[in-house]
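Below is one structure, written out as C-alpha cells; comments come after it.
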Amino acid sequence: MFEARADAGARLADALAEREVDADLVLGIPRGALPVARPVADRLDAPLDIVAAKKLGMPDNPEFAIGAATSDGSVWLNETVIDRHGVDESYVEAERERAAATARGKAETYRGDRPAPEVAGQRVVVVDDGVATGATARACLRQVRNAGAEHVVLAAPVGPPSSVAELTDEADGVVVLEEPADFRAVGAYYRDFGQVPDEEARAYLDWAGDS
C-alpha cells in the first residue's frame, strides 16, 4: 500500500537506483504519473518531460478500452478484444485518430510552445502511477521506441502480473514494485489516490517555474 503518489515515486526511485537503471530522460504519463515521476527524475538526475496517450473506446461503451494512441499516432490495439466483438476497422481507425488528437492536445497543454524532448539515442524511463490493462503504457512505450530511444524502461508502483508480463514485449526493462495476484484497480493500492489537476501536474515539470 502506498500513502500517495509522491510516496510511490520515492519508493520507485529507490528501486530503480538499486537496479542501477540509468536514464537520460524520464517521461511521465499525464496527469497522475507526474507526482510519481518527479522523485524518479530527481533520483536519476534526469530531466522530466511527458508522453501523452488516450485510450480507444469500444463502440457504445467508450469506458471499455480496445487500445490506446499517443500524440504522434503510435498505437497499441487489443486485437483479441477487437476481433471478439467484431469492431469495424474503419471505427478503429477513426477512434485512433480521435485519441491521437486528444493526446496531442494534452501534450500542447503541458508543453505550450516548447518542443518535445530529443528521444533518439537516449536511455528513457517511462513512468506511470499504476498499470491496469497496460494499454496506455504500451502505446507510450511504442512512441518512445518509434522515436529511436536506445533503451526503454517502464516503471510503475503497481500492476497485475499478466499486464506486467505483457509489457516486457514493449520495453527493455520493466520495474513494478507490487504485482498482486488479486489485482483490483490501481487506486486500491493507494491511501490517497485523488485526481491530479492539470495545473498541479504541470508544476512537477522542469520548466514549471519559467515565465
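Residue numbers for the sequence shown follow the working numbering, so the first one is 13 and each next one is one higher. All C-beta atoms, glycine included, are put in the ideal place defined by N, C-alpha and C.
To the nearest angstrom, report how far apart residue i and residue j are at their CA atoms.
{"i": "F14", "j": "A20", "result": "6 Å"}
{"i": "A53", "j": "Q134", "result": "14 Å"}
{"i": "E101", "j": "E30", "result": "45 Å"}
{"i": "G206", "j": "G142", "result": "14 Å"}
{"i": "Y216", "j": "A151", "result": "23 Å"}
{"i": "P47", "j": "P71", "result": "33 Å"}
{"i": "G85", "j": "A112", "result": "5 Å"}
{"i": "E130", "j": "P59", "result": "11 Å"}
{"i": "T9", "j": "Y122", "result": "Residue numbering for the chain in the displayed model covers 13 to 223; residue 9 lies beyond these limits and cannot be assessed."}
{"i": "P74", "j": "D57", "result": "39 Å"}
{"i": "V138", "j": "V156", "result": "9 Å"}
{"i": "E32", "j": "G160", "result": "22 Å"}
{"i": "R23", "j": "A45", "result": "14 Å"}
{"i": "D12", "j": "G117", "result": "Since the first residue of the chain shown is 13 and the last is 223, residue 12 is not available in this structure."}
{"i": "P127", "j": "R154", "result": "19 Å"}
{"i": "E105", "j": "N158", "result": "19 Å"}
{"i": "Y103", "j": "G69", "result": "10 Å"}
{"i": "G98", "j": "S174", "result": "24 Å"}
{"i": "F76", "j": "G146", "result": "13 Å"}
So, is residue i buried or exposed, given that buried needs 16 or more other C-beta atoms within 10 angstroms?
{"i": "R203", "result": "exposed"}
{"i": "T82", "result": "buried"}
{"i": "A193", "result": "exposed"}
{"i": "A213", "result": "buried"}
{"i": "R17", "result": "buried"}
{"i": "S223", "result": "Reliability fails at S223, whose pLDDT of 38 lies under 50, so the model's placement of it is uncertain and no value is given."}
{"i": "G221", "result": "Because the pLDDT of G221 is 49, which lies under 50, any placement of that residue in the model is unreliable, and the number read from its coordinates should be weighed accordingly. By the neighbour-count rule (16 or more Cβ atoms within 10 Å), G221 is not buried but exposed."}
{"i": "E107", "result": "buried"}
{"i": "R196", "result": "exposed"}
{"i": "G124", "result": "exposed"}
Since residue i contacts residue j with CB under 8 Å, what's their CB separation in whole angstroms?
{"i": "L39", "j": "I62", "result": "6 Å"}
{"i": "V198", "j": "V164", "result": "The Cβ separation is near 21 Å, so there is no contact."}
{"i": "D286", "j": "I41", "result": "Here the chain comprises residues numbered 13 to 223, so residue 286 is not present and cannot be evaluated."}
{"i": "A64", "j": "A144", "result": "No, A64 and A144 are not in contact; Cβ-Cβ is about 18 Å, not under 8 Å."}
{"i": "V186", "j": "T180", "result": "5 Å"}
Can you tell me where the beta strand (DSSP E) holding residue i begins and where it ends?
{"i": "D61", "result": "L60 to I62"}
{"i": "V187", "result": "G185 to E190"}
{"i": "I94", "result": "Unbroken run through I94 is the alpha helix (DSSP H), E91 to R96; no beta strand (DSSP E)."}
{"i": "E211", "result": "First-last for E211: D210 to R214, but that is the alpha helix (DSSP H), not the beta strand (DSSP E)."}
{"i": "E75", "result": "N73 to T82"}
{"i": "A65", "result": "A65 to M70"}
Give the single residue among the options whose Cα lies nearest to the Cα of residue i.
{"i": "A183", "options": "A193, R196, L166 and V198", "result": "L166"}
{"i": "E178", "options": "T82, N90, D57 and G44", "result": "N90"}
{"i": "G27", "options": "V170, T145 and D218", "result": "A small fix is needed here, since residue 27 is Ala in this sequence, not Gly. Comparing Cα-Cα distances from A27 to each of V170, T145 and D218, the minimum goes to V170."}
{"i": "V87", "options": "V208, A119, E190 and K67", "result": "K67"}
{"i": "P209", "options": "L24, R43, E32 and R157", "result": "R43"}
{"i": "L189", "options": "R196, D181 and Y201", "result": "Y201"}
{"i": "P172", "options": "E162, A80 and E191", "result": "E191"}
{"i": "D224", "options": "E162, A168 and K118", "result": "A question about residue 224 goes unanswered here, because the residues of the chain that appear run from 13 up to 223."}
{"i": "R110", "options": "F76, A80 and A49", "result": "A80"}
Between residue i and chain C, is the shortest Cβ-Cβ distance under 7 Å, so that the two count as touching?
{"i": "R17", "result": "This model lacks chain C altogether; it includes just one protein chain."}
For the alpha helix (DSSP H) holding residue i, just list the boundary residues, first then last.
{"i": "R226", "result": "Examination of residue 226 is not possible in this model, given that the chain is present from 13 through 223 alone."}
{"i": "G21", "result": "R17 to E30"}
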